[in-house]
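Residue numbers (our numbering): 1 to 267.
Cβ coordinates follow ideal geometry from the N, Cα and C atoms, glycine included.
Below is one structure, written out as structure tokens; comments come after it.
See the structure below:
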């Protein structure tokens, strides 16, 4: 159900090089900070090397993080900027951070790293269990439609980047029936070749709404990016804010086109 530990033993070595930490003024950080108060308690599922947690810490939040990869957590702990972040090694499906939280952060396809639908529902239930009554769950996943359009059904190799002395390829294998995508990042340089695998189970929007209801959550906001553009068929990302008991987000935190937005997407 959750095989990411072995994958991130490999990926931890180069993760910060491949995916640099976010700036303190990144739209994702601004989006979250517009909805939670100064000093808010925040827990991140899949905290990794602190790409999101560190700028949230800089913004005045108090941070906890759960991650299944000891290697990723070790790289986080080695950073001076991570002082003050409490971490726990384990699966966020059953590892509980102490206390209640104003927000749970689950971004960069972290939910997709759970490879079965019932496990993904369990992850949403775990998030709900961490939240205060007025808390937020912030989700970011690659759009399922974008995944199917890019990778099709079957196997293919895609060029990610090319340099004078380097080549980055993606070897992808997708099963549309199981909604599962397996990718190996292949990097070739003068010093050799490295392989970094990752596996996703992607989620369709309508499916996510039903899964949220099973977890005692409802979608309060939905966007195509962190700048709050509408989510539609052209979106590559799916940004979702969930809350307990369908509590709406205050209008002053919403863009003009979302003022008075119904908390129940299906209405």
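Best match in the options for proximity to residue i [C-alpha to C-alpha]
i: residue 201; options: 156, 145 and 214; result: 145
i: residue 219; options: 115, 199, 124 and 198; result: 124
i: residue 142; options: 153, 132 and 106; result: 106
i: residue 235; options: 80, 147 and 217; result: 147
i: residue 33; options: 90, 209 and 53; result: 53
i: residue 221; options: 212, 241 and 230; result: 241
i: residue 67; options: 58, 57, 50 and 80; result: 50
i: residue 156; options: 208, 177 and 181; result: 181
i: residue 243; options: 172, 214 and 23; result: 214
i: residue 238; options: 211, 203 and 166; result: 203
i: residue 17; options: 209, 187 and 231; result: 187
i: residue 89; options: 45, 39 and 231; result: 45
i: residue 31; options: 228, 233 and 168; result: 228
i: residue 149; options: 19, 172, 134 and 29; result: 172
i: residue 208; options: 132, 166, 119 and 190; result: 119
Residue i vs residue j beta-carbon contact at 8 angstroms
i: residue 170; j: residue 183; result: yes
i: residue 43; j: residue 61; result: no
i: residue 103; j: residue 136; result: yes
i: residue 217; j: residue 77; result: no
i: residue 140; j: residue 92; result: no
i: residue 27; j: residue 226; result: yes
i: residue 65; j: residue 47; result: yes
i: residue 130; j: residue 199; result: no
i: residue 11; j: residue 196; result: yes
i: residue 80; j: residue 58; result: no
Distance between residue j and residue i (C-alpha atoms, nearest Å)
i: residue 113; j: residue 85; result: 23 angstroms
i: residue 206; j: residue 117; result: 13 angstroms
i: residue 151; j: residue 121; result: 25 angstroms
i: residue 21; j: residue 175; result: 31 angstroms
i: residue 164; j: residue 8; result: 28 angstroms
i: residue 257; j: residue 194; result: Summary for residue 257: the model assigns pLDDT 48, below 50, so the residue's position carries little reliability; its value from the coordinates is reported in the next sentence. The alpha-carbon atoms of residue 257 and residue 194 are separated by roughly 45 angstroms.
i: residue 160; j: residue 15; result: 16 angstroms
i: residue 111; j: residue 223; result: 17 angstroms
i: residue 153; j: residue 178; result: 11 angstroms
i: residue 19; j: residue 133; result: 33 angstroms
i: residue 126; j: residue 40; result: 19 angstroms
i: residue 230; j: residue 38; result: 28 angstroms
i: residue 210; j: residue 63; result: 29 angstroms
i: residue 185; j: residue 29; result: 27 angstroms
i: residue 269; j: residue 13; result: Outside the shown range of the chain (1 to 267) lies residue 269, about which nothing can therefore be said.
i: residue 192; j: residue 158; result: 20 angstroms
Contact test: residue i Cβ vs the ligand MN heavy atom, cutoff 7 angstroms
i: residue 95; result: With respect to the ligand MN, the structure offers nothing, as it holds no ligand at all.
Specify whether the region 90 to 98 and the region 72 to 80 touch according to this definition: at least 3 beta carbon pairs, one from each stretch, less than 8 angstroms apart.
no
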